[in-house]
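Participant:
Number of protein chains: 2
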Amino acid sequence: MSLRHAILGFLSATPLSGYDLRKAMDASVQHFWPADQAQIYRTLARLVADGLVDVQEVDGDTRQRKLHFATAAGLAELDDWLRTIHPVEASREPFLIKMFFGGRIGAADVCALLLARRGEAEVLRATFQGIAASIPESGDLNTVLRRATLLSGLRYVEAEILWIDETLEALK
Amino acid sequence: MSLRHAILGFLSATPLSGYDLRKAMDASVQHFWPADQAQIYRTLARLVADGLVDVQEVDGDTRQRKLHFATAAGLAELDDWLRTIHPVEASREPFLIKMFFGGRIGAADVCALLLARRGEAEVLRATFQGIAASIPESGDLNTVLRRATLLSGLRYVEAEILWIDETLEALK
DNA sequence: TTATCATATATGACAAGTCCTATATTTGCA
DNA sequence: TGCAAATATAGGACTTGTCATATATGATAA
Numbered sequence: 001m002s003l004r005h006a007i008l009g010f011l012s013a014t015p016l017s018g019y020d021l022r023k024a025m026d027a028s029v030q031h032f033w034p035a036d037q038a039q040i041y042r043t044l045a046r047l048v049a050d051g052l053v054d055v056q057e058v059d060g061d062t063r064q065r066k067l068h069f070a071t072a073a074g075l076a077e078l079d080d081w082l083r084t085i086h087p088v089e090a091s092r093e094p095f096l097i098k099m100f101f102g103g104r105i106g107a108a109d110v111c112a113l114l115l116a117r118r119g120e121a122e123v124l125r126a127t128f129q130g131i132a133a134s135i136p137e138s139g140d141l142n143t144v145l146r147r148a149t150l151l152s153g154l155r156y157v158e159a160e161i162l163w164i165d166e167t168l169e170a171l172k
Numbered sequence: 001m002s003l004r005h006a007i008l009g010f011l012s013a014t015p016l017s018g019y020d021l022r023k024a025m026d027a028s029v030q031h032f033w034p035a036d037q038a039q040i041y042r043t044l045a046r047l048v049a050d051g052l053v054d055v056q057e058v059d060g061d062t063r064q065r066k067l068h069f070a071t072a073a074g075l076a077e078l079d080d081w082l083r084t085i086h087p088v089e090a091s092r093e094p095f096l097i098k099m100f101f102g103g104r105i106g107a108a109d110v111c112a113l114l115l116a117r118r119g120e121a122e123v124l125r126a127t128f129q130g131i132a133a134s135i136p137e138s139g140d141l142n143t144v145l146r147r148a149t150l151l152s153g154l155r156y157v158e159a160e161i162l163w164i165d166e167t168l169e170a171l172k
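Protein sequences appear in the order of chains Y and D. So that you can map any letter, position 4 of the first sequence is 4 in the numbering used here, and since no number is skipped, the others follow by simple counting. So that you can map any letter, position 7 of the second sequence is 7 in the numbering used here, and since no number is skipped, the others follow by simple counting.
#1: Taking CB distances under 7 Å as the criterion, tell me whether Lys-172 of chain D reaches chain Y.
#2: Which of the residues in the stretch 42–60 of chain Y, read from start to end, lie with their CB under 9 Å from any CB of chain D?
#3: Less than 6 Å between C-beta atoms, sequence neighbours within five positions excluded: which residues of the same chain meet that for Leu-8 of chain D?
#4: Tell me the DSSP bridge mates of Leu-171 of chain D?
#5: Go ahead and label Val-123 of chain Y buried or exposed: buried means 16 or more other beta carbons lie within 10 angstroms of its beta carbon, across all protein chains shown.
#6: If you measure from the beta carbon of Lys-66 of chain Y to each beta carbon in chain D, is any gap under 7 Å?
#7: Alpha carbons only, please: which of Y:Ala-170, Y:Leu-16, Y:Phe-128 and Y:Leu-115 is nearest the one belonging to Lys-66 of chain Y?
#8: If the cut-off is 8 Å on Cβ atoms, which residues from the stretch 90–111 of chain Y count as contacting chain D, listed in chain order?
#9: Are the C-beta atoms of Val-123 of chain D and some chain Y residue less than 7 Å apart?
#10: For Ile-40 of chain D, which residues from the same chain have a beta carbon less than 8 Å from its beta carbon, with the 5 sequence-adjacent residues on both sides left out?
#11: Where does Ala-121 of chain D sit, in a helix, a strand or coil, going by DSSP?
#12: Taking the beta strand (DSSP E) that Asp-80 of chain Y falls in, what are its first and last residues?
#13: Grouping DSSP H, G and I as helix and E and B as strand, with all else coil, what is Phe-10 of chain Y?
#14: How would you label Glu-57 of chain D, buried or exposed, when you count the other beta carbons within 10 angstroms and need 16 or more for buried?
#15: At a Cβ threshold of 7 Å, is Ile-135 of chain Y touching chain D?
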C-alpha cells in the first residue's frame, strides 16, 4: 500500500537503485516500515510500469545498476498522497490475543510473557533514545519531522513499558 | 498467522458457528485483531482440515449452521502457542511515512494531518475510556486480562495524543 | 403479502508481503 | 591468485488478508 509512496518519497530526494533504496529504508524508516527486498524490486517495477518512476541503466560507473528517478507524475502522486487525510488503519497485535486468552495458561505464565516483552521493549527504548539524542531538537522542517518519527517509536515503547508494569501490578 | 489461534481461543470457551465467531470477534478483539468474514470461514476450514477443530451441522435449531468445536489437539496447539514467547513483530505505520516525507508539503499541511489524526485519536480514547469504565478493576484472571487488553489500546491512543501535541509544538 | 433485514456460508479475484533461491559481478583481503 | 563478502537484480511459491459477489432461509415490519 504505502510502500509505493515510501519509495516515491526517497526517489523525490535523489535517484536510487533498488539496492540503495533497500539500504536507505533499512537505515531510516525500518522501524515503522520494514521493507522486503523482493517487494522493493517488484514495487519499483510496478511504479515504472505506471509511469511514476523512470529507470536509467548506469554502467559508466563501477557497476551496472538501474538508477530510478521519480517522474513529474510520480512527484504529483506523492504530494497528493501526502496531503490526503486517510483514516487510521487498524493494526494487528498478536500479543494482545495472547493476553486475551491468557486465562488458559494462568497468571504465572502470563507474567512471563509480559516480562519477556518488557525486556524487548527496554532494548528498543534504549536504541530509540540513543538515536534521538543524536538528532538536534530544533532545525529545519525535515530535521524536526525525522526526529518526530523517531520520537513516535520512543513514545510507543515507553507507553508499552508503562502498560506492562500496570498489567503486572493488576495480576498480583 | 494468529487468526488461527484467536479462533481456537474463542472455540476453547464455547462451540461457535463461523457467523457467531465473527460477531464475537467484532465485539471483543476487533480493536487489536479485526477479522474479515471470508478469512474466518477459510481459516475455520483450514483448522478442520488440520484436525484442530471439529464441525457438527446443526439443523434441529431454527437454522442450519455449522457448529465448530476445538479438538484436544486444537486446545494443545492453542496452549502451546499461548505459552511460547514470540519476538515482537514489526508494525507498519503509513502515517509515519507521511511525517517522514512531510517536508515536501510544508509545515502547515503537516499540522493539518496531525490535527486530523488527533481528532480520530480522541474519539477512540473516549470509546476506550467508556468501555474500560464498565469493567471492574479487579476480579478473576479473565476479567483482569480483558481489561488489560482494553487498557493497552487506551494507553496507546493516549501516547499518540501526547506525541501529536509534542510534534505540533516542535513544528511551531 | 411483499419487501427488507439478519442469519449463515462460501467462492473468486486480487493485493501485499515473506521466504527462498538463482545469478552475476566486483571489491578487498589473505 | 584465489576466496569470501558485498553489490545488484529478480523470479517462484506461498500466506494472509481484502473486497465483491452469490446464495438461501427465517423473522419482522409496513
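The beta-carbon is built from N, C-alpha and C at its ideal position, and this holds for glycine as well.
Facilitator: A quick look at the data gives this:
#1: If you number the second sequence from 1, residue 172 of chain D lands on position 172. Output row for Lys-172 of chain D: interface = no.
#2: So the list is empty, because no residue satisfies the distance condition.
#3: Within the second sequence, numbered from 1, the residue matching residue 8 of chain D stands at position 8. Sequence-distant partners of Leu-8 of chain D (beyond 5 residues in either direction) whose C-beta falls short of 6 Å from its own C-beta, in its chain, are Ala-70, Gly-74 and Leu-78.
#4: Position 171 of the second sequence, counting from 1, holds the residue named residue 171 of chain D. Among the bridge pairs identified by DSSP, Leu-171 of chain D is matched with none.
#5: Locating residue 123 of chain Y in the first sequence gives position 123, where the first residue counts as 1. It is exposed - the Cβ of Val-123 of chain Y has fewer than 16 other Cβ atoms within 10 Å.
#6: Taking the first sequence and counting its residues from 1, the one referred to as residue 66 of chain Y is at position 66. Taking Cβ atoms only, chain D never reaches closer than 7 Å to Lys-66 of chain Y, which makes this a no.
#7: Reading the first sequence from its first residue, position 66 is the one you call residue 66 of chain Y. For the residues Y:Ala-170, Y:Leu-16, Y:Phe-128 and Y:Leu-115, the minimum Cα distance to Lys-66 of chain Y belongs to Y:Leu-16.
#8: Those residues of the stretch 90–111 of chain Y that come within reach of chain D (Cβ to Cβ, closer than 8 Å) are Ala-90, Ser-91, Arg-92, Glu-93, Pro-94, Phe-95, Leu-96, Ile-97, Lys-98, Met-99, Phe-100, Phe-101, Gly-102, Gly-103, Arg-104, Ile-105, Gly-106, Ala-107, Asp-109 and Val-110.
#9: Numbered from 1 along the second sequence, position 123 holds the residue referred to as residue 123 of chain D. It does not; no Cβ of chain Y falls within 7 Å.
#10: Position 40 of the second sequence, counted from the first residue, corresponds to residue 40 of chain D. Residues of the same chain with a CB within less than 8 Å of the CB of Ile-40 of chain D, apart from the 5 flanking positions on each side, are Leu-3, Ile-7, Gly-18, Leu-21, Arg-22 and Met-25 in chain order.
#11: Walking along the second sequence from the start, residue 121 of chain D turns up at place 121. Ala-121 of chain D falls in the helix class under three-state DSSP.
#12: Locating residue 80 of chain Y in the first sequence gives position 80, where the first residue counts as 1. First-last for Asp-80 of chain Y: 72–83, but that is the alpha helix (DSSP H), not the beta strand (DSSP E).
#13: As a first step, residue 10 of chain Y must be located in the first sequence, where it is residue number 10. It is helical.
#14: Here the question's residue 57 of chain D lines up with position 57 in the second sequence. Exposed.
#15: What you label residue 135 of chain Y is simply residue 135 of the first sequence in a count that begins at 1. Under the 7 Å criterion on CB atoms, Ile-135 of chain Y is classed as non-interfacial with respect to chain D.
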